[in-house]
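Residue numbers (the numbering used here): 3 to 297. Don't be surprised by glycine CBs; every beta carbon is placed ideally from N, CA and C. All values derive from a computational prediction rather than experimental measurement. Just below is one structure, and these are the notes that go with it.
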Amino acid sequence: MAGPGEGRLAAAVSAAGGLGMVGVGAARSPGWVREQAEVAAAGGAPYGVGLMAWALERDAGQLDAVLEVRPDLVAVSFGGFEPYVDLLRAAGLRVAVQAGTVAEALRAARAGADVVVARGAEGGGHGRDAVGTLPLLQAVLDAVEVPVLAAGGIGTARGLAAVLAAGAAGAWVGTALLTTHEAASTPAARQRLLAADETATAYGRVFDVAQRLAWPPEFGGRALRNAYFDRWQHRLDELATDDAAARELTEAQAAQDHDTAYVYAGQGAGLLREERSVAEVLADLAGAEALLRRF
3 MAGPGEGRLA AAVSAAGGLG MVGVGAARSP GWVREQAEVA AAGGAPYGVG LMAWALERDA
63 GQLDAVLEVR PDLVAVSFGG FEPYVDLLRA AGLRVAVQAG TVAEALRAAR AGADVVVARG
123 AEGGGHGRDA VGTLPLLQAV LDAVEVPVLA AGGIGTARGL AAVLAAGAAG AWVGTALLTT
183 HEAASTPAAR QRLLAADETA TAYGRVFDVA QRLAWPPEFG GRALRNAYFD RWQHRLDELA
243 TDDAAARELT EAQAAQDHDT AYVYAGQGAG LLREERSVAE VLADLAGAEA LLRRF
């Protein structure tokens, strides 16, 4: 969860009994990775770091930093992840890979991933839009033998209970943490998230194209829908060469103007009700245990 998922959030998740992840955006420096890893590790609890394979192909500095700080888990996804899985495991690190199709999950298992994350189309931020979480989870559980986590649309104890009952080893949660006190979300983004309902997001490549980011085209992003997205979603070729539109997005992001600027979030945004601590969110998710005892 690049952006809001910095070291402070990861540390809070781990302190509350989860495994907090530091999300590393494509433009982050190796120094930033080291700094945020230090924050995440400060409490002494396990933590992880998430990397993007396509970005490592352009600059391996982030990977070098991760090998130096040695987190308890490294997630490497989105693109040709196989060589990085091999390298990380050879260094003695545990590796997770997000998969949006059964074929991608099989690739991850064959590459030696310790954990496969079955990430459905409901999920926020970047990923595939091919299939929803529950159909994907069921198919991936049948296809691979390594532990499988479920991701996408899981924001309450009910959602967590559902995927655990299906056979997932756990859940990979992002949107539910976006309005926590410890997340690096801006005040304006928090307001938009708390006002959102389950229909408020849209999936596409508008914001990546506008920023000239080299995301592989099969990995679009789910974000809160806004006027900028609606204006450009069917005009990507034009947007790719429109420097004024690119500047408009950059300036809006700096000004926290979310009629134009993006807020990446999944369909679970409609479940957000108030700003809370990470500990409160995880305590609510732990209610899945009581729900499962009903059966």
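| query | result |
| --- | --- |
| CB of G134 within 8 angstroms of CB of G122, strictly | yes |
| Rounded Cβ spacing between W2 and L241 (contact assumed at less than 8 angstroms) | Since the first residue of the chain shown is 3 and the last is 297, residue 2 is not available in this structure. |
| F231 classed as buried or exposed, judged by whether at least 16 other C-beta atoms fall within 10 angstroms | buried |
| Nearest-angstrom Cα separation, counted from I156 out to L251 | 30 angstroms |
| Contacts around A132, its chain only, beta-carbon distance under 7 angstroms, and the 5 residues preceding and following it disregarded | G102, T103 and A123 |
| Closest by C-alpha distance to A281, when choosing among L179, R295, G33 and R275 | L179 |
| Beta strand (DSSP E) segments (min. 3 residues) lying fully within the segment 14-68 | 22-25 and 49-54 |
| Member of G154, G169, A164 and T158 whose CA lies at the smallest distance from the CA of V148 | G169 |
| In DSSP terms, what R235 is bridged to | According to the sequence displayed, residue 235 carries Gln and not Arg. Beta-bridge pairing links Q235 to no other residue. |
| Between the CA atoms of R249 and A190 - distance to the nearest angstrom | 20 angstroms |
| Near the ligand ZN: A141 beta-carbon under 7 angstroms from a heavy atom | This structure lacks the ligand ZN; in fact it carries no ligand of any kind. |
| For V117, the residue or residues it bridges with in DSSP | A98 |
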